[in-house]
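Below: one structure, written as structure tokens.
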Amino acid sequence: MRRYPGEGATVATYPPAMLMSKLLLRTLRDAPGDAEAISHQLLVRAGYIRRHASGIYTYLPLGWRLLRNVERVVREEMDAAGAQEMLMPILQSTEVWEQTGRLKTMEDILFRLEGKGGELVLGPTHEEVVTATVGAEVDSYRDLPLNVYQIQFKYRDEARPRFGLMRGREFIMKDAYSFDASPAGMQAAYATMYAAYERVFERCGLSVTPVEAESGAIGGEVNHEFMVTSPIGEDHFVRCPNGDYAANTEAAVAGERRYEGDAPEEELIEHHTPDSPSIELLVQHFTAAGRPVDAESTLKCVALLEEETGRPVIVLVPGDREARPPKGTRPFEQADFDAHPELIKGYIGPMGLQKLGIRVLADRTVGAPRTWVTGANRADHHVSGATLGRDFEVDTFGSFAMVTAGDPCPRCGEPVELVRSVEAGHTFQLGLTYSTKIDGATFLAEDSTEQPFWMGCYGIGISRLPAVVAEQHHDDAGLIWPDELAPFAVHLLSLGAGRNPDVAATADRIYAELTSAGLSVLYDDRDQSPGVKFADADLLGMPTQLLVGAKGLAKGTVERKRRRTGERDDLPLDGVVAALTTP
RNA sequence: CGGGGAGUAGCGCAGUCCGGUAGCGCACCUGCUUUGGGAGCAGGAGGCCGGGGGUUCGAAUCCCCCCUCCCCGACCA
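Counting in my numbering, the first sequence runs from -9 upward without gaps.
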């Protein structure tokens, strides 16, 4: 404490946060019951995060240092890729959201609030704001290309927050947006960011698989999800073991199939099947009637509407498969069934559809030489023995079912596998999706015409990464951070310093030396038994532990333990700094 | 939104069926001992038993309503 000039008051001097005795940190022996995922348990036990409400977390000092390291890696790679950092508002006017129509399409997850000057939303993402902002600033092709990014909180009222930091209602994201004058420019920007993403994840110690994905609510054409295989993944992706194909389950397609032989001869018979509008109920009905069939032997006929023409199309998949509606179609709604009485919900069959002017698409698996149980196009009736070529025709075969493990790879034909994974990043070629909707998102081209921007957007779930990394980098004792992310490079422990002044003095000295050499050091100067310090050091997960104890001092050494491998070696007392600063 | 489970000290849990002094372990405070892998002894502090209503002489416990959290599913840039 020292005197505050001119006042009788004193000014507090706070102890350095690198002393563990002063750190805001409490480790827990037991994980809270609400933590399911290992990463969540460890992050809470090790005192990195605390839950405030469902899907909302406080980052305690260790967690915040970790997060800032994640941000640093991302910043370095974004800056190196030529992106410019800025910061956009969390509180956003509904105006731009009305312009893109997403006030409606994203209403389920939008946090909305009433301000004095009108209604606001808490930004779940920033395409609207960035497009309006850049649109107002950039008027000429001479200012393009441009790539801006920010690291900012996002708010989504998720149906189900999960797994600690994995899926929160409040989370931090890095989002970058590229603006180009042409599709080729957009593609070049995309390639640059794609490469930057691979470096970011590499530096975070994550092995990612970029997968081709469907674009969902964000719009655009080409896009990739950067998937990290993980037991707490909420997604699956399809992967060819040969490594030549990887795609999101929604986007994945299967390769060609070869079938030989003819379908067995079986008469087409109509059956009375009341109350059986689903595959499951149909199977139950047939089984109860003494003619058991399995879902695989039924033909699911899914009615879709072509959005452009407003005409119905039918997609055929085996009953045990999910249909994957092709681009430009959407599932029938009740109103569509009302408008097309020839298609009877739950009892559609493929027979004679062409005569009604309805196109029939079929997954390639439907080309198998076999007969099917399917709808009779008559209420409460199904048929058995339906045979391709005799009873019904297919206009186009393709990959119209969701791909499952064992389906042929579209590139090489090998059976693919289905892998559980987390989406760590996502990149999109947006094209003109936003620039044609937001007012003023145009520039004057070289030929003096007014053109909309060709855009891309690129997200990384910053606050999700600690969870993803922890999930991949831990052991029974606790966390194991990669060098780039560790809150501290070195965890220095004094063992039995209370009864041995030499230990205390040596540890103090090493702490001072390492710190002035520019290393970040967490110094466990607490009056705790060695066992407690070891356990905490392993739990917290710094890459290098330095153990200063009477045992080593007698030999003139301190012990170094590498957290990842458990490998230990002795460093001479006067060579500690040198050993830690030269890799 | 549908199905399932749970709310008792900072964390983990018992007690609830069968109503009667709110408990245990870890963590926390004091003192002594101990000290290379989550120490021991002694003493202590800490509770709207998720909230509201009801039944009862009496409710953590029984009844009704609500809230919150977790899991599975639906949903998801």
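Think of the CB as a built atom: it goes at the ideal place given N, C-alpha and C, for glycine as much as any other residue.
Our contact map puts residue i next to residue j with C-beta atoms below 8 angstroms; I'd like the distance itself, whole angstroms only.
i	j	result
Q82	V124	Contact flag wrong, Cβ pair sits at about 15 angstroms.
N232	C402	5 angstroms
R320	L295	6 angstroms
A569	V493	Between V493 and A569 the Cβ distance is about 19 angstroms, and since that is not below 8 angstroms, they are no contact.
T377	T361	5 angstroms
P398	R552	That belief does not hold up - the Cβ atoms of P398 and R552 are roughly 45 angstroms apart, past 8 angstroms.
M68	V119	M68 to V119, Cβ: 18 angstroms. No contact.
L14	L57	About 15 angstroms; that fails the 8 angstroms criterion.
Q142	I80	7 angstroms
Q89	K427	5 angstroms
I500	L536	7 angstroms
M8	I450	At roughly 29 angstroms, the Cβ-Cβ gap does not stay under 8 angstroms, so M8 and I450 are not in contact.
L372	Y337	For the record, residue 372 in the displayed sequence is His; it is not Leu. 7 angstroms between Cβ atoms; contact.
V567	L504	6 angstroms
A171	Q441	7 angstroms
F382	P340	4 angstroms
G105	Y145	Wrong, their Cβ atoms sit about 15 angstroms apart, outside the cutoff.
How about residue i and residue j: do their beta carbons lie closer than 7 angstroms?
i	j	result
A329	L33	no
D526	T547	no
C447	Y167	yes
S453	F161	yes
V190	V303	no
V201	A237	yes
A457	D528	no
V243	P405	no
D517	G488	yes
A279	I269	no
D353	F390	yes
M217	R314	no
A73	N137	yes
L134	F169	yes
L52	R35	no
P477	R150	no
D147	H116	no
A27	A186	no
E260	A366	yes
V198	V283	no
G556	E549	no
G357	Y249	yes
P359	G245	no
From the DSSP secondary-structure annotation, give me the bridge partner or partners of residue i.
i	result
Q535	H481, K551
R558	K551
N213	F418
H262	H371
K545	According to DSSP, which records beta bridges pairwise, K545 is partnered with nothing at all.
Y513	L9, L482
D225	S411
E257	Answer by DSSP bridge pairing: none, since E257 is not bridged.
E270	The partner list for E270 (beta bridge, DSSP) is empty, contrary to what the question assumes.
T239	The partner list for T239 (beta bridge, DSSP) is empty, contrary to what the question assumes.
F327	Note: F327 sits in no beta bridge, so no partner.
F143	I162
L306	C291, A352
S130	L434
L136	F169
E297	None; E297 has no bridge partner.
A244	In the DSSP output, where bridge partners are listed per residue, A244 has none listed.
Subject >> Complete runs of the alpha helix (DSSP H) confined to the stretch 458 to 502 [at least 4 residues] >> reply: none
**OP:** Specify whether the stretch 464 to 475 and the stretch 166 to 186 touch according to this definition: at least 3 beta carbon pairs, one from each stretch, less than 8 angstroms apart.
**Re:** no
Original post:
Is it a yes or a no for the stretch 284 to 295 touching the stretch 307 to 319, going by three-plus beta-carbon pairs under 8 angstroms?
Top reply: yes
**OP:** Counting only runs of 4+ residues fully inside the stretch 146 to 207, write out the alpha helix (DSSP H) ranges in chain order.
**Re:** 173 to 193
Subject >> Touching by the beta-carbon criterion (3+ pairs, under 8 angstroms), the stretch 348 to 360 and the stretch 374 to 391 >> reply: yes
Original post:
Three or more C-beta pairs closer than 8 angstroms, one from the stretch 475 to 483 and one from the stretch 528 to 538: is that the case here?
Top reply: yes
**OP:** Assess, as a yes-or-no matter, whether the stretch 149 to 164 is touched by the stretch 36 to 56 under the definition of 3 or more beta carbon pairs within less than 8 angstroms.
**Re:** yes
Original post:
Are the stretch 402 to 412 and the stretch 215 to 230 in contact at 8 angstroms, needing three or more beta carbon pairs?
Top reply: yes
Original post:
Is the stretch 424 to 439 in contact with the stretch 259 to 270, if contact means three or more CB pairs nearer than 8 angstroms?
Top reply: no
Original post:
Which parts of the stretch 409 to 467 are runs of the alpha helix (DSSP H), unbroken and 4 residues or longer, counting only runs that do not cross its ends?
Top reply: 455 to 462
Original post:
Which residue spans inside the stretch 9 to 59 form an unbroken beta strand (DSSP E) run of at least 3?
Top reply: 39 to 43, 46 to 49
Original post:
Which runs of the beta strand (DSSP E) fall wholly inside the stretch 333 to 396 and span at least 3 residues, in chain order?
Top reply: 349 to 353, 361 to 368, 371 to 377, 386 to 388
Subject >> beta strand (DSSP E) segments (min. 3 residues) lying fully within the stretch 64 to 121 >> reply: 81 to 83, 101 to 105, 108 to 112
Original post:
Just checking, does the stretch 145 to 155 make contact with the stretch 12 to 31 on the three C-beta pairs under 8 angstroms criterion?
Top reply: yes
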